[in-house]
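Trainee: Each residue of the sequence shown is one higher than the one before, counting from 271 in my numbering.
All residues carry an ideal CB built from backbone N, CA and C; glycine is no exception.
One structure follows; several queries about it will come next.
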Amino acid sequence: MKNTRRALAPLLVAAALLAAPAVVAVPASAGNSSADSSTEIDVSGQPLGVAAGPDGELYVSDYNWAGGVSVYRPGEAKASRQIKVGCWPTSLAMTSDGTLYVLQITESMETELGIVAPGASEVSATIPLAQGSHWLAAAPDGSLYVTSPSEGTVSVVLPGSARIARVIEAGPSPVEVTVAVDGTTYAANQYAGAVTVIPAGATGPSHTVDVGRTSSPHGIAAAPDGTVYVANVLSNDVAVIEPGGTTVARRIRVGREPQEVVVAPDGTVYVTNAGDNTVSVIPSGADHASDAIATGEDPGRLAVTADGSVAVVNRGDKNLTVISAGSAGPAPAPVPSSEPLEAADDDGSRAGAADGGSAFGAGLPVIAAGTGALLLAGAATLVVVLRRQRKVRGVEPAAVWTAE
271 MKNTRRALAP LLVAAALLAA PAVVAVPASA GNSSADSSTE IDVSGQPLGV
321 AAGPDGELYV SDYNWAGGVS VYRPGEAKAS RQIKVGCWPT SLAMTSDGTL
371 YVLQITESME TELGIVAPGA SEVSATIPLA QGSHWLAAAP DGSLYVTSPS
421 EGTVSVVLPG SARIARVIEA GPSPVEVTVA VDGTTYAANQ YAGAVTVIPA
471 GATGPSHTVD VGRTSSPHGI AAAPDGTVYV ANVLSNDVAV IEPGGTTVAR
521 RIRVGREPQE VVVAPDGTVY VTNAGDNTVS VIPSGADHAS DAIATGEDPG
571 RLAVTADGSV AVVNRGDKNL TVISAGSAGP APAPVPSSEP LEAADDDGSR
621 AGAADGGSAF GAGLPVIAAG TGALLLAGAA TLVVVLRRQR KVRGVEPAAV
671 WTAE
């Protein structure tokens, strides 16, 4: 029975891997993608989730049955300690008081949220969650937000609490969520090609922003000034939503298959491009990327430290890329392209986007670069999207395909 549970366990969190590749990256100099602007750190196991603590430490989850969370001090290439958590840890989030939250499953295949007190070496409390994929995001006020795509909701855990305080309706299949400094919540609805906007303190949305049904919005992050950036996997761009906006203000072309996005304290935006193993750097307020920084294989999830360093996990190479902070510089003049980025059509499609929706099909479920797998727990249905026909190396059981 235990072997059966081990074999089935990854399926319960397969969708959480859709954003799986994580790379620890620190902002690099504009126009400089060379090795001297970044550092690679080898890690043990299968790195997946990443979070940054208020003291600059990095936390990296090991996606394995008996995995854990490795802690790296600033500037060090070896883990200083290990945190014992549940099985198959995926998404991580760190709140401003140093509390670490871990998405994990139990030996009986139940999905739960593990809570690790500041400085602790193991989980001190857990909160049961609905089965399926989830994404964790820390809010500026210290609250934790947990998406539940299968239920169309976002749950809120208050600081110091070990229970769900409230549940927010967040549109169909919210895959990721971000909270702006004013408390407004933005949820990326990948199926619908939209972003659901929930006012501070509300339990339901005020409106939605159409991003493009075939764009496949995935990663989402709010800047210090309230501007929201959305990574669109299929249209190879980032949609920009201004504070209070009801439409996309502009689109910024990035690399292939942009998956995750974070914003540094100075407003610099970093986007992982899983299709070409780079991180696009967008200076604050710019309308185009100023740089593309080379990473390892399959860059995905990112985390920003207090000094502006950005953490990105290279899942394919099983390492971290660290890019120095605060050196993005001003954006140069845009370079004309033979394939100009066109505005979205009325139905949300993009006529000029590279690798457009037709390559994957409209209404594609949550995806990230590489092989995708999504468990719809409510219907007990597993949707598998095979693209690169590649497995994560060293992950047991060997038959499990990645959901990137």
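Residue 466 bridges to which residues according to DSSP?
Mentor: Here residue 466 refers to the residue found at position 196 of the sequence shown. Under DSSP, residue 466 forms a beta bridge with 457, 478.
Trainee: What residues are listed by DSSP as bridge partners for residue 511?
Mentor: Taking the first residue of the sequence shown as position 1, residue 511 is located at position 241. Residue 511 is bridged to 498.
Trainee: Can you check whether the CB of residue 549 is closer than 7 Å to the CB of residue 542?
Mentor: By 1-based counting over the sequence shown, the position of residue 542 is 272. By 1-based counting over the sequence shown, the position of residue 549 is 279. Their beta carbons are under 7 Å apart, which means residue 542 touches residue 549 by this criterion.
Trainee: Rank 470, 440, 451, 472 by C-alpha distance to the C-alpha of residue 459 and give the top, closest one.
Mentor: In the sequence shown, residue 459 corresponds to position 189, counting from 1. That would be 440, whose Cα lies nearest to the Cα of residue 459.
Trainee: What is the residue span of the beta strand (DSSP E) that residue 407 lies within?
Mentor: On the sequence shown, residue 407 is found 137 positions in, with the first residue counted as 1. Counting along the chain, the beta strand (DSSP E) containing residue 407 begins and ends at 406-408.
Trainee: Put residue 431 into one of helix, strand or coil per three-state DSSP.
Mentor: Working through the sequence shown from its first residue, we reach residue 431 at position 161. Residue 431 falls in the coil class under three-state DSSP.
Trainee: By how many angstroms is the C-alpha of residue 556 removed from the C-alpha of residue 416?
Mentor: By 1-based counting over the sequence shown, the position of residue 416 is 146. By 1-based counting over the sequence shown, the position of residue 556 is 286. Their backbone Cα atoms lie some 30 Å apart in a straight line.
Trainee: Output yes or no for whether 7 Å exceeds the beta carbon distance between residue 465 and residue 476.
Mentor: Locating residue 465 in the sequence shown gives position 195, where the first residue counts as 1. Locating residue 476 in the sequence shown gives position 206, where the first residue counts as 1. Cβ distance not < 7 Å, so residue 465 and residue 476 don't count as in contact.
Trainee: Report the rounded CA-to-CA distance for residue 385 versus residue 395, giving the unit in angstroms.
Mentor: On the sequence shown, position 115 is the one that residue 385 refers to. On the sequence shown, position 125 is the one that residue 395 refers to. The straight-line gap from Cα to Cα measures roughly 5 Å.
Trainee: With a 10 Å radius around its C-beta and 16 neighbouring C-beta atoms as the bar for buried, classify residue 662 as buried or exposed.
Mentor: Locating residue 662 in the sequence shown gives position 392, where the first residue counts as 1. Legend: pLDDT at residue 662 = 36, less than 50; position of this residue unreliable, no value from coordinates given.
Trainee: Just verifying my parser: in three-state terms, what is the DSSP assignment at residue 505?
Mentor: Looking up residue 505 in the sequence shown gives position 235. Note: residue 505 maps to coil in three-state DSSP.
Trainee: So what does DSSP say about residue 307, is it helix, strand or coil?
Mentor: By one-based count along the sequence shown, residue 307 stands at place 37. Here residue 307 sits in helix by DSSP.
Trainee: Closer than 8 Å is the cut-off here; do at least three beta carbon pairs connect the region 363-379 with the region 414-430?
Mentor: yes
Trainee: Return the Cβ separation of residue 532 and residue 573 in integer angstroms, given the expectation that the two are a contact with Cβ distance under 8 Å.
Mentor: Working through the sequence shown from its first residue, we reach residue 532 at position 262. Working through the sequence shown from its first residue, we reach residue 573 at position 303. The pair is a contact, with the Cβ atoms about 7 Å apart (cut-off 8 Å).
Trainee: Thinking just about the alpha-carbon of each residue, which of 520, 529, 492, 589 is nearest to the one in residue 504?
Mentor: Counting from one through the sequence shown, the residue named residue 504 turns up at place 234. It is 529 whose Cα lies nearest to the Cα of residue 504.
Trainee: If you check the beta carbons only, do residue 319 and residue 361 fall under 7 Å apart?
Mentor: Locating residue 319 in the sequence shown gives position 49, counting from the first residue. Locating residue 361 in the sequence shown gives position 91, counting from the first residue. Yes; because the gap between Cβ atoms is below 7 Å, this pair is in contact.
Trainee: What I want to know is whether the C-beta of residue 518 ends up closer than 6 Å to one or more non-hydrogen atoms of the ligand HEM.
Mentor: Looking for the ligand HEM in the displayed structure turns up nothing, as the structure carries no ligands at all.
Trainee: DSSP three-state label for residue 379, please.
Mentor: Within the sequence shown, numbered from 1, the residue matching residue 379 stands at position 109. Three-state DSSP puts residue 379 in coil, outside helix and strand.
Trainee: Considering just the uninterrupted stretch of the beta strand (DSSP E) at residue 342, what are its terminal residues?
Mentor: By 1-based counting over the sequence shown, the position of residue 342 is 72. 338-342 is the span of the beta strand (DSSP E), which, as asked, contains residue 342.
Trainee: DSSP state of residue 530, grouped into three classes?
Mentor: Indexing the sequence shown from 1 puts residue 530 at position 260. Three-state DSSP puts residue 530 in a strand.
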